[in-house]
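>
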Amino acid sequence: MEKLRSFILNLYPTTKLFCTLFVCIIPFLLPGYLYSYLILLVCLFIAMLAGKAKFFANFVFKGLFPIVIMIFLLQSFFYPGDTILWSWGTFSIKQEGIDFSLQLTSKIVAIGSALILFFQITKINDLARSLEILGVSPKATFVLVSSFNIIPEMRQDMIRIMDAQRSRGVETEGKLRVRMKAFIPALTPLILSSFSSTVEKAITLESRAFTAQTKKTNLQQLEKTKGDKLVRTILLILLVFIIIWRFSL
Amino acid sequence: MKGIKKDFTLMAILLIPIGVAVNVVAGELVHLLKVPIFLNQIGTMIVAMLAGPWVGAATGAVSKLFFGVFDPAQLAFLPVSMATGIVVGLLAKKGMTTKIWKVTVTGFIVAIVAILIATPITIMVFGGASGTGSDAFTAVLLASGREIWTAVFTQKIFVESFDKIFSIFVAYFVVRKMSDQYLSKQNYGYLYINNKSNKNNKNNKKVG
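Chains as they are written, first to last, in this note's numbering: chain E, 1 to 249; chain U, 1001 to 1208.
1. Could you round the C-beta distance between L190 of chain E and V1062 of chain U to whole angstroms and report it? I think they count as a contact, below 8 angstroms.
2. Determine the closest residue to G1043 of chain U out of E:I151, E:I108, E:L41, with distance taken between C-alpha atoms.
3. Strictly below 9 angstroms CB to CB, what residues from chain E border A1048 of chain U?
4. Report the rounded CA-to-CA distance for K3 of chain E versus F18 of chain E, giving the unit in angstroms.
5. Look up K1156 of chain U in the DSSP assignment and say whether it is helix, strand or coil.
6. Quick check: the stretch 1082–1091 of chain U against the stretch 1144–1152 of chain U, are at least 3 beta-carbon pairs closer than 8 angstroms?
7. Ignore the nearest five residues each way along the sequence and tell me which others in R232 of chain E's own chain have a CB closer than 8 angstroms to its CB.
8. Rounded C-beta distance between V1216 of chain U and M180 of chain E? I'm assuming under 8 angstroms.
9. Go ahead and label Q120 of chain E buried or exposed: buried means 16 or more other beta carbons lie within 10 angstroms of its beta carbon, across all protein chains shown.
10. Exposed or buried, what is I84 of chain E when buried is set at 16 or more other beta-carbons lying within 10 Å of its beta-carbon?
11. Is it true that the CB of S1161 of chain U sits closer than 8 angstroms to the CB of Q1041 of chain U?
12. Which whole runs of the alpha helix (DSSP H) in the stretch 3–85 of chain E are 4 residues long or more, in chain order?
13. Counting along the chain, where does the beta strand (DSSP E) carrying I93 of chain E start and finish?
14. Can you grab the Cα-Cα spacing for the pair K1093 of chain U / D1007 of chain U, in whole Å?
15. Mind checking the stretch 183–208 of chain E against chain U and listing, in chain order, the residues whose C-beta falls within less than 9 angstroms of any C-beta there?
16. Determine whether the Cβ of L1078 of chain U lies closer than 8 angstroms to any Cβ atom of chain E.
17. Would M1082 of chain U pass as an interface residue toward chain E - the criterion being a Cβ-Cβ separation below 8 angstroms?
18. So V1080 of chain U and I1117 of chain U are supposed to be a Cβ contact under 8 angstroms. How far apart are they, rounded?
19. Which residues bound the alpha helix (DSSP H) around L1182 of chain U?
20. Could you say if the stretch 97–111 of chain E and the stretch 143–161 of chain E meet the contact criterion of at least three C-beta pairs nearer than 8 angstroms?
21. Ignore the nearest five residues each way along the sequence and tell me which others in S1134 of chain U's own chain have a CB closer than 7 angstroms to its CB.
22. Please identify, using Cβ separations under 8 angstroms, the residues of the stretch 119–142 of chain E that lie next to chain U, in order along the chain.
23. Do you know offhand how far Q1074 of chain U's Cα is from G1068 of chain U's?
24. Distance, Cα to Cα, Y33 of chain E vs Q103 of chain E?
25. Run down chain E in chain order and give the residues with a C-beta less than 7 angstroms from the C-beta of P1120 of chain U.
26. Once you ignore the five residues that flank C24 of chain E on each side, which residues in its own chain have a CB closer than 7 angstroms to its CB?
27. Along the stretch 1133–1144 of chain U, where does the CB come closer than 8 angstroms to a CB of chain E? Name the residues.
28. Touching or not, the stretch 154–169 of chain E and the stretch 1018–1033 of chain U, by the rule of three or more beta carbon pairs under 8 angstroms?
29. Just to confirm, is the Cβ distance from A1114 of chain U to T1084 of chain U under 8 angstroms?
30. DSSP state of S207 of chain E, grouped into three classes?
31. Please determine, among U:G1052, U:F1066, U:I1123, the residue with the shortest C-alpha to C-alpha distance to L1191 of chain U.
32. Less than 6 angstroms between C-beta atoms, sequence neighbours within five positions excluded: which residues of the same chain meet that for G63 of chain E?
33. Let me know the secondary structure DSSP gives I1018 of chain U once reduced to three states.
34. Could you compute how far the alpha carbon of P138 of chain E sits from the alpha carbon of E223 of chain E?
35. Under the DSSP definition of a beta bridge, which residues are partnered with W88 of chain E?
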């Protein structure tokens, strides 16, 4: 178990990216919706092996469930069709709508759960480094990494500013108009202070030769292992197998 | 292509993460205050106003990537936020974000572009649903016998126009509060410097 866990977490970032892309293609290659829904279970299983099941389930529940439920409600009531399953007044649930919803949501669930899993088992720093090795500009990877790092920091700042504004009498609860009014005094200082910090950041980066056109060394080491080769080969074989099976039918 | 590369200076690149973070945190603040709109593109708009359309588009794209980590459905709307950045940036270059009435016009244009892009995405990818409270509105329209395209389009008109116009006003007021010294360091910051005496505006263009 522990071995499997470290195996999954230590896979090379681009290998995980390939897995995610593979899973994103599957729903469009395979017929029906059963396989696509199975992907959710497979992803959950992998997340469990990696020890991230709780986070994974949480994000699936918060991110994917609302939209899936809404699609079902909208389509089953309003999709044109004749096979009426259940009706109440002028409203009726139709078989065609359910079928359409199943098709649509299976794809969304499959792709969504693959993406959630990918970000759960991949460190953003590792991903950025592997992209850099692939030839992506260091400026682009810097933007990616630093966005992910700044957000928690800014969240803290926002809580602090909200507290400060509340203490000087800005109301944050009550009627909609009152709450709308609280938006500006909370946000303006936060935005202004974080934007003005970019000047110092530019000086710091420049003093570390960020824009210099030379080859740079990196402290972060990433290595491809036998496991990566294995996973990539299995994926390739699976993909070829699925394509042959699908188009020979 | 050359123009795009020129826009991505070090200062502009440093704006992108801040813009992304502002988008995310403003989106959360809206949630915290229980205000029923998104307001999650304010950062994109500020960056587009200060650093041009392409940096704005990059901010929009990265912030949707970040939203997508927790809510993959958001990734489908990546073109909308990129378009927001591009439209605001292009209009800002033309000086359309320097006065209140111009900002209102810009807000309307951004909203129209957002509606035109978001409607087909919502229908083709999600069959008309978007996973937010505004779906109830779509459902009401559908129940009153409207077609799916009309229903989603109408719903988007209400949601997006209010959202985008409010966002651009917040962005405008924030940019107006920035110091001249800071604005002078940004690519398109000269547009907002010393705007009270509009006649001198042309002389100030060299500051950037």
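Cβ coordinates follow ideal geometry from the N, Cα and C atoms, glycine included.
Note that the structure is a prediction, hence the values are computed from the model and not measured.
In short:
1. In the first sequence, the residue the question calls residue 190 of chain E occupies position 190. In the second sequence, the residue the question calls residue 1062 of chain U occupies position 62. Contact flag wrong, Cβ pair sits at about 19 angstroms.
2. Mapped onto the second sequence, residue 1043 of chain U falls at position 43. Comparing Cα-Cα distances from G1043 of chain U to each of E:I151, E:I108, E:L41, the minimum goes to E:I151.
3. On the second sequence, residue 1048 of chain U is found 48 positions in, with the first residue counted as 1. In chain order: nothing, as chain E lies at least about 13 angstroms away.
4. Residue 3 of chain E sits at position 3 when you count from the first residue of the first sequence. Residue 18 of chain E sits at position 18 when you count from the first residue of the first sequence. Going by the C-alpha atoms only, they are around 22 angstroms apart.
5. Counted from its first residue, the second sequence places residue 1156 of chain U at position 156. DSSP places K1156 of chain U in helix when its eight states are reduced to three.
6. no
7. Locating residue 232 of chain E in the first sequence gives position 232, where the first residue counts as 1. T15, F18.
8. This structure cannot settle anything about residue 1216 of chain U, because the visible part of chain U is limited to 1001 through 1208.
9. As a working note, residue 120 of chain E is residue 120 in the first sequence. Buried, because 16 or more other Cβ atoms sit within 10 Å of the Cβ of Q120 of chain E.
10. For this step, residue 84 of chain E is matched to residue 84 along the first sequence. Classification of I84 of chain E: exposed, given that the 10 Å Cβ count is below 16.
11. Within the second sequence, numbered from 1, the residue matching residue 1041 of chain U stands at position 41. Within the second sequence, numbered from 1, the residue matching residue 1161 of chain U stands at position 161. Their beta carbons are not under 8 angstroms apart, which means Q1041 of chain U does not touch S1161 of chain U by this criterion.
12. 13–29, 34–49, 53–59, 65–78
13. Looking up residue 93 of chain E in the first sequence gives position 93. 91–94 is the span of the beta strand (DSSP E), which, as asked, contains I93 of chain E.
14. Reading the second sequence from its first residue, position 93 is the one you call residue 1093 of chain U. Reading the second sequence from its first residue, position 7 is the one you call residue 1007 of chain U. Computed Cα separation, rounded: 12 angstroms.
15. Listed by position, the residues of the stretch 183–208 of chain E near chain U (Cβ gap below 9 angstroms) are F183, I184, A186, L187, T188, L190, I191, L192, S194, F195, S196, S197, T198, V199, K201, A202, L205, E206.
16. As a position in the second sequence, residue 1078 of chain U is number 78, starting the count at 1. Output row for L1078 of chain U: interface = no.
17. Position 82 of the second sequence holds residue 1082 of chain U. No, M1082 of chain U does not count as interfacial toward chain E.
18. Position 80 of the second sequence, counted from the start, is the residue given in the question as residue 1080 of chain U. Position 117 of the second sequence, counted from the start, is the residue given in the question as residue 1117 of chain U. At roughly 5 angstroms, the Cβ-Cβ gap stays under 8 angstroms, so V1080 of chain U and I1117 of chain U are in contact.
19. Here residue 1182 of chain U is taken as the residue at index 182 of the second sequence, counted from 1. Residue identity check: residue 1182 of chain U is Tyr in the sequence provided, not Leu. Note, Y1182 of chain U: alpha helix (DSSP H), 1180–1183.
20. Contact between the stretch 97–111 of chain E and the stretch 143–161 of chain E is absent, because fewer than three Cβ pairs lie under 8 angstroms.
21. On the second sequence, residue 1134 of chain U is found 134 positions in, with the first residue counted as 1. By the criterion of a C-beta distance shorter than 7 angstroms, S1134 of chain U is surrounded in its chain by Q1155, V1159, once the five residues flanking it on both sides are discounted.
22. F119, K139, F142
23. As a first step, residue 1074 of chain U must be located in the second sequence, where it is residue number 74. As a first step, residue 1068 of chain U must be located in the second sequence, where it is residue number 68. About 5 angstroms.
24. Here residue 33 of chain E refers to the residue found at position 33 of the first sequence. Here residue 103 of chain E refers to the residue found at position 103 of the first sequence. When rounded, the distance between both Cα atoms is 6 angstroms.
25. Working through the second sequence from its first residue, we reach residue 1120 of chain U at position 120. In chain order: nothing, as chain E lies at least about 15 angstroms away.
26. For the purposes of this step, residue 24 of chain E is identified with residue 24 of the first sequence, where counting begins at 1. Excluding sequence neighbours, C24 of chain E sits near I111, A114.
27. D1135, T1138, A1139, L1142, A1143
28. Proximity of the stretch 154–169 of chain E to the stretch 1018–1033 of chain U meets the contact definition, three or more beta-carbon pairs being nearer than 8 angstroms.
29. If you number the second sequence from 1, residue 1114 of chain U lands on position 114. If you number the second sequence from 1, residue 1084 of chain U lands on position 84. Yes, the Cβ-Cβ distance between A1114 of chain U and T1084 of chain U is below 8 angstroms.
30. Counted from its first residue, the first sequence places residue 207 of chain E at position 207. Looking at S207 of chain E - three-state DSSP - the assignment turns out to be helix.
31. Residue mapping note: residue 1191 of chain U aligns to position 191 of the second sequence, counting from 1. The shortest C-alpha separation from L1191 of chain U is found at U:G1052.
32. Along the first sequence, read from residue 1 onward, the residue named residue 63 of chain E stands at position 63. Excluding residues within five positions, none has a Cβ falling inside 6 angstroms.
33. Taking the first residue of the second sequence as 1, we reach residue 1018 of chain U at position 18. The answer is helix: DSSP assigns I1018 of chain U an H, G or I state.
34. For the purposes of this step, residue 138 of chain E is identified with residue 138 of the first sequence, where counting begins at 1. For the purposes of this step, residue 223 of chain E is identified with residue 223 of the first sequence, where counting begins at 1. Roughly 19 angstroms separates the two Cα atoms.
35. As a working mapping, residue 88 of chain E is identified with position 88 in the first sequence. Paired residues: E:F91.
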